[in-house]
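Asker: Can you keep this structure in mind? I'll have questions shortly.
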Amino acid sequence: MNKNILIVVAHADDEVLGCGATISKHIRNKDNVSILVLTDSSSAQGKDINIRHNEFLKAMNILGVEDFKKLDYKDNRLDSYDLVDIVKDIEIIKEKINPDIVYTHSYNDLNLDHQITNKAVLTAFRPLPNYKKCNIFAFDIPSSIEYQSVYHLRTNPNYYNTIDEIDLKIKIQAMMAYETELHPFPHPRSIENLEISAKKEGTMCGEALAESFYIERLIN
Numbered sequence: 016m017n018k019n020i021l022i023v024v025a026h027a028d029d030e031v032l033g034c035g036a037t038i039s040k041h042i043r044n045k046d047n048v049s050i051l052v053l054t055d056s057s058s059a060q061g062k063d064i065n066i067r068h069n070e071f072l073k074a075m076n077i078l079g080v081e082d083f084k085k086l087d088y089k090d091n092r093l094d095s096y097d098l099v100d101i102v103k104d105i106e107i108i109k110e111k112i113n114p115d116i117v118y119t120h121s122y123n124d125l126n127l128d129h130q131i132t133n134k135a136v137l138t139a140f141r142p143l144p145n146y147k148k149c150n151i152f153a154f155d156i157p158s159s160i161e162y163q164s165v166y167h168l169r170t171n172p173n174y175y176n177t178i179d180e181i182d183l184k185i186k187i188q189a190m191m192a193y194e195t196e197l198h199p200f201p202h203p204r205s206i207e208n209l210e211i212s213a214k215k216e217g218t219m220c221g222e223a224l225a226e227s228f229y230i231e232r233l234i235n
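Printed below as a string of structure tokens:
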């Protein structure tokens, strides 16, 4: 049976960095994948909004995602908004998508937008009686997780999505669409690092390639 999958991220490109290969796998499995981006993705960094939006559209096309939406909260300014307003916007999408699985940011990341997105998603999808329950998995973002204090980090991921070479290839191609966000190795947002990470995470679960997550909520 096809599943409804929702990915909620703070910035356009987080969906690729955090779970791009997993998105590809869901698409290949004929699941219904939707993506919600909370911010305009460029305002705080002085980048051209139109360029970033076109990069986002190109990435969606490469991934094969047809259902996506971007909100206009300001990049790196999510802490300036009331959490309840962000939660309400996510709940609107929740009612529309009725997801079986939600992927979002972990609270590990140093980036404050990522932390707030995690809190907003967990609030929007709190398992109230008489509501459809869904499983929630969280991912770290390269160039954000590496700089967090060790006192705030969870020890290890505890959920793995095994992926194929085609999934990793699509993730790499989608990330290459974000030309303004790519950096040369050894920067965490380099193509080489994404390939290394997929192999490393694969070895952690006895497979060639994988993407790792934290179980925020798993209900059977």
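Start counting the sequence shown at 16; every next residue gets the next number (the numbering used here). Beta carbons are placed, not taken as given, at the ideal position from N, Cα and C, and that holds for glycine.
Do proline 144 and arginine 204 have their C-beta atoms closer together than 7 Å?
Answerer: Locating residue 144 in the sequence shown gives position 129, where the first residue counts as 1. Locating residue 204 in the sequence shown gives position 189, where the first residue counts as 1. Against a cut-off of 7 Å, the Cβ pair of arginine 204 and proline 144 comes out as no contact.
Asker: Which of the three DSSP states is assigned to threonine 49 in this structure?
Answerer: The residue you call residue 49 lines up with position 34 of the sequence shown. The sequence shown places serine at residue 49, not threonine. If DSSP states are grouped into helix, strand and coil, serine 49 belongs with the strands.
Asker: Can you tell which of Asn65, Ile108, Ser39 has the C-alpha that lies nearest to the C-alpha of asparagine 76?
Answerer: To locate residue 76, count along the sequence shown from 1; it is residue 61. Answer by Cα proximity: Ser39.
Asker: Of all the CB atoms in chain B, is at least one closer than 7 Å to the CB of lysine 45?
Answerer: Included in the structure is just one protein chain, with no chain B present.
Asker: Could you compute how far the alpha carbon of valine 117 sits from the alpha carbon of phenylalanine 200?
Answerer: Working through the sequence shown from its first residue, we reach residue 117 at position 102. Working through the sequence shown from its first residue, we reach residue 200 at position 185. So the two alpha carbons sit approximately 31 Å from each other.
Asker: Suppose you measure from the CA of threonine 138 to the CA of alanine 74; what does that come to, to the nearest Å?
Answerer: Stepping through the sequence shown from its first residue, residue 138 is reached at position 123. Stepping through the sequence shown from its first residue, residue 74 is reached at position 59. Taking the straight line from one Cα to the other gives about 28 Å.
Asker: Where does proline 172 land, buried or exposed, given buried means 16+ other C-beta within 10 angstroms?
Answerer: Counted from its first residue, the sequence shown places residue 172 at position 157. So proline 172 counts as buried.
Asker: What do you reckon, are the CB atoms on serine 49 and leucine 21 nearer than 7 Å?
Answerer: As a first step, residue 49 must be located in the sequence shown, where it is residue number 34. As a first step, residue 21 must be located in the sequence shown, where it is residue number 6. Yes; because the gap between Cβ atoms is below 7 Å, this pair is in contact.
Asker: Measuring alpha carbon to alpha carbon, tell me which residue in Lys109, Lys111, Lys147, His41 is nearest asparagine 235.
Answerer: Your numbering for residue 235 matches position 220 in the sequence shown. Nearest option by C-alpha distance: Lys147.
Asker: Determine the closest residue to alanine 223 out of Ile185, Glu207, Asp179, with distance taken between C-alpha atoms.
Answerer: Stepping through the sequence shown from its first residue, residue 223 is reached at position 208. Among Ile185, Glu207, Asp179, the Cα nearest to that of alanine 223 belongs to Asp179.
Asker: Is the distance from the Cβ of lysine 85 to the Cβ of valine 31 below 7 Å?
Answerer: In the sequence shown, residue 85 corresponds to position 70, counting from 1. In the sequence shown, residue 31 corresponds to position 16, counting from 1. For lysine 85 and valine 31, no; Cβs fall outside 7 Å.
Asker: How big is the Cα-Cα spacing for valine 3 and aspartate 128?
Answerer: It is not possible to answer for residue 3, since the shown part of the chain is limited to 16 through 235.
Asker: Please say whether isoleucine 107 and asparagine 19 have beta carbons closer to each other than 7 Å?
Answerer: Stepping through the sequence shown from its first residue, residue 19 is reached at position 4. Stepping through the sequence shown from its first residue, residue 107 is reached at position 92. In this structure, isoleucine 107 does not lie closer than 7 Å to asparagine 19 by Cβ.
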